[in-house]
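Worksheet: the structure to be examined is printed underneath.
There are 2 protein chains.
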Amino acid sequence: MIRILLADDEHLIRGAMAALLSLEDDLEVVAQAATGAEALATARVVRPDVAVIDLQMPDLDGVSVAQSLAAELPSCSTMIVTSHGRPGHLKRALAAGVRGFLPKTVSSDVLATVVRTVHTGGRYVDPALAAEAISAGDSPLTPREADVLELALEGAPIDEIARRASLSPGTVRNYLSSAVGKTGASNRHEAARVARARGWI
Amino acid sequence: MIRILLADDEHLIRGAMAALLSLEDDLEVVAQAATGAEALATARVVRPDVAVIDLQMPDLDGVSVAQSLAAELPSCSTMIVTSHGRPGHLKRALAAGVRGFLPKTVSSDVLATVVRTVHTGGRYVDPALAAEAISAGDSPLTPREADVLELALEGAPIDEIARRASLSPGTVRNYLSSAVGKTGASNRHEAARVARARGWI
DNA sequence: CCGCCCTCATGACATCTGTCATGAGGAACT
DNA sequence: AGTTCCTCATGACAGATGTCATGAGGGCGG
Chain W
1 MIRILLADDE
11 HLIRGAMAAL
21 LSLEDDLEVV
31 AQAATGAEAL
41 ATARVVRPDV
51 AVIDLQMPDL
61 DGVSVAQSLA
71 AELPSCSTMI
81 VTSHGRPGHL
91 KRALAAGVRG
101 FLPKTVSSDV
111 LATVVRTVHT
121 GGRYVDPALA
131 AEAISAGDSP
141 LTPREADVLE
151 LALEGAPIDE
161 IARRASLSPG
171 TVRNYLSSAV
181 GKTGASNRHE
191 AARVARARGW
201 I
Chain C
1 MIRILLADDE
11 HLIRGAMAAL
21 LSLEDDLEVV
31 AQAATGAEAL
41 ATARVVRPDV
51 AVIDLQMPDL
61 DGVSVAQSLA
71 AELPSCSTMI
81 VTSHGRPGHL
91 KRALAAGVRG
101 FLPKTVSSDV
111 LATVVRTVHT
121 GGRYVDPALA
131 AEAISAGDSP
141 LTPREADVLE
151 LALEGAPIDE
161 IARRASLSPG
171 TVRNYLSSAV
181 GKTGASNRHE
191 AARVARARGW
201 I
């Protein structure tokens, strides 16, 4: 019997997934959590075999949870399910020791199969997401460029970005100009969108 | 027995919700769809009592589907479930004749209860979402301002917005300037974000 | 019929942004 | 020690953007 921890902030989805996994004879949902912190706390107590975690949760995101879990409970395999599969997330997740990565568009059979796969030490990444991640390529942005671009996401003017990054406005403009060139965009707002879509920030 | 049509592009969620609703004695999921168009086509054939529709789907969004359903199948009550509850969506949904509006954070009991409620002619809107919608207030934007601001969402330069809206660049700047004032933002990109957050576009 | 508002436009002006050249200081690698 | 890259900065310039004044035309309610 594979003992599963389920974490998802959407109660409806979580309950439904639990119902669905419980239909399988060899799977058992032993705990549920609605936030990242809750998931960690619960995992420490129940020590599940597999953790199925939603990528986006109110507090910690799924990758952070996975990272902590990998460190604290090496016997527990972590897999992530998500609605919005961005290439950057996949990379960060794999780096964090995640064994499975699935979009929520897969069928329940696949979910159950992957739970079994990661439990026996295997890995599984959704083929479509993997292809996207590969085609997106590595980020050409330097760390600082990425920082600044991230601050530009909300549409703030340069002066505010400069204050928040503790840089001079001129420097911010240089980084943004460089980032705009690398993304092929025509201004920083578009560049920020492109970079996010490719998982670079 | 209440006959239900379920539409959600996320296979996993849809299957799970179906499993969950089927646990109720008086509910029966008679059809499922993965896109808006599919939902409409299926509804015409199976004529369900209640349609449970996800707000965000690849092609038509949930509100458009609801609108068509209300016109074509008045006997079918429509309710919408969503991950991202923006006030604007709620307003549009109610205007389209939707009877129930729920975030996916609710429990399965609530879902089942609301299905029964809308089937008997009642209405149900999640209290938290309703409060948000009320506090967000009515949009101060004129229709044209909203159009232009929407085109600005992706960060396009003014000239492109002007082309896409078939306006002169000068006019676009006037509308945007006005919208920036009304949203209290410091540039059009921030204004677009604010307006979207408040459900104005 | 007369305001009032929305739509669309133009011109002028100040400011904000994007781009480029240039340079100092530091870390990493050879 | 030398090379290369990143970080951070300044100054200058062109072009994009935000703001304001102004006006023509149309629809709608009083």
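Chain order of the listed sequences is W and C. Letter 102 of the first sequence, counting from 1, is numbered 102 in UniProt numbering, and no numbers are missing. Letter 5 of the second sequence, counting from 1, is numbered 5 in UniProt numbering, and no numbers are missing. Don't be surprised by glycine CBs; every beta carbon is placed ideally from N, CA and C. Nothing here was measured: the structure is a model prediction, and the numbers come from that model.
Using 8 angstroms for Cβ pairs, my map puts residue i next to residue j. What's the rounded Cβ distance?
| i | j | result |
| --- | --- | --- |
| W/Phe-101 | W/Ala-95 | Incorrect: roughly 12 angstroms between the Cβ atoms, too far for contact. |
| C/Ile-13 | C/Val-115 | The pair is not a contact, with the Cβ atoms about 16 angstroms apart (cut-off 8 angstroms). |
| C/Ala-66 | C/Leu-5 | The Cβ separation is near 12 angstroms, so there is no contact. |
| W/Thr-183 | W/Ala-195 | 6 angstroms |
| W/Glu-154 | C/Arg-193 | 6 angstroms |
| C/Ser-77 | C/Arg-99 | 5 angstroms |
The alpha helix (DSSP H) that contains residue i, what's its start and end?
| i | result |
| --- | --- |
| W/Val-148 | 143 to 152 |
| C/Asp-25 | Run containing C/Asp-25: none; DSSP gives neither H nor E here. |
| W/Thr-42 | 36 to 46 |
| C/Arg-193 | 188 to 197 |
| C/Leu-176 | 169 to 183 |
| W/Ile-161 | 158 to 165 |
| W/Pro-87 | 87 to 95 |
| W/Ser-64 | 62 to 72 |
How far does the beta strand (DSSP E) with residue i in it extend, from its first residue to its last?
| i | result |
| --- | --- |
| W/Ile-4 | 2 to 7 |
| W/Thr-105 | Note, W/Thr-105: premise wrong, no beta strand (DSSP E); not H, not E. |
| C/Asp-54 | 50 to 54 |
| C/Thr-82 | 77 to 82 |
Quick check on residue i - is its C-beta less than 8 angstroms from some C-beta in chain W?
| i | result |
| --- | --- |
| C/Ser-107 | yes |
| C/Arg-99 | no |
| C/Leu-111 | yes |
| C/Lys-182 | no |
| C/Arg-193 | yes |
| C/Pro-169 | no |
| C/Gly-155 | yes |
| C/Asp-49 | no |
| C/Asp-138 | no |
| C/Asp-25 | no |
| C/Leu-12 | yes |
| C/Asp-54 | no |
| C/Asp-9 | yes |
Leaving out five residues on either side along the sequence, give the residues of the same chain with a beta carbon under 6 angstroms from the beta carbon of residue i.
| i | result |
| --- | --- |
| C/Glu-28 | Met-1, Arg-3 |
| W/Gly-88 | Gly-199 |
| W/Asp-8 | Arg-14, Asp-54 |
| W/Ala-70 | Gly-97 |
Closer than 8 angstroms by C-beta to residue i: which residues in its own chain qualify, once you throw out the five before and the five after it? Chain order, please.
| i | result |
| --- | --- |
| W/Ala-197 | Arg-86 |
| W/Pro-103 | Val-81, Thr-82, Ser-83, Gly-85, Asp-126, Ala-128, Leu-129 |
| C/Met-79 | Val-50, Ala-51, Val-52, Ile-53, Val-98, Arg-99, Gly-100, Phe-101, Leu-102, Val-114, Val-115, Val-118, Tyr-124 |
| C/Asp-159 | Pro-169 |
| C/Ala-152 | Ile-161, Leu-176, Arg-188, His-189, Ala-191, Ala-192 |
Once the 5 residues before and after residue i are set aside, which same chain residues still bring their CB inside 7 angstroms of it?
| i | result |
| --- | --- |
| C/Leu-60 | Gly-36, Ala-37 |
| W/Ser-108 | Leu-20 |
| W/Pro-48 | Arg-3, Ile-4, Leu-5, Val-30, Ala-31, Cys-76 |
| C/Asp-26 | Met-1, Ile-2 |
| C/Lys-91 | Ala-133, Gly-199 |
Give a yes or no on whether the minimum CB-CB distance between residue i and chain C is below 8 angstroms.
| i | result |
| --- | --- |
| W/Gly-88 | no |
| W/Gly-15 | yes |
| W/Ser-83 | yes |
| residue 202 of chain W | Past the boundaries of the shown model lies residue 202 of chain W; chain W is included only from 1 to 201, so the question cannot be answered. |
| W/Ala-19 | yes |
| W/Lys-104 | yes |
| W/Asp-61 | no |
| W/His-189 | yes |
Give a single yes or no on whether residue i has its beta carbon closer than 7 angstroms to a heavy atom of the ligand FAD.
| i | result |
| --- | --- |
| W/Thr-183 | Annotation note on the ligand FAD: not contained in the displayed structure, which lists no ligands. |
Exercise. Could you say if the segment 18 to 32 of chain W and the segment 41 to 56 of chain W meet the contact criterion of at least three C-beta pairs nearer than 8 angstroms?
Key: The segment 18 to 32 of chain W, when compared against the segment 41 to 56 of chain W, does touch it at the 8 angstroms Cβ threshold.
Practice problem: Check whether the segment 169 to 182 of chain C touches the segment 128 to 148 of chain C, taking contact to mean three or more Cβ pairs, one atom from each stretch, closer than 8 angstroms. | Solution: yes
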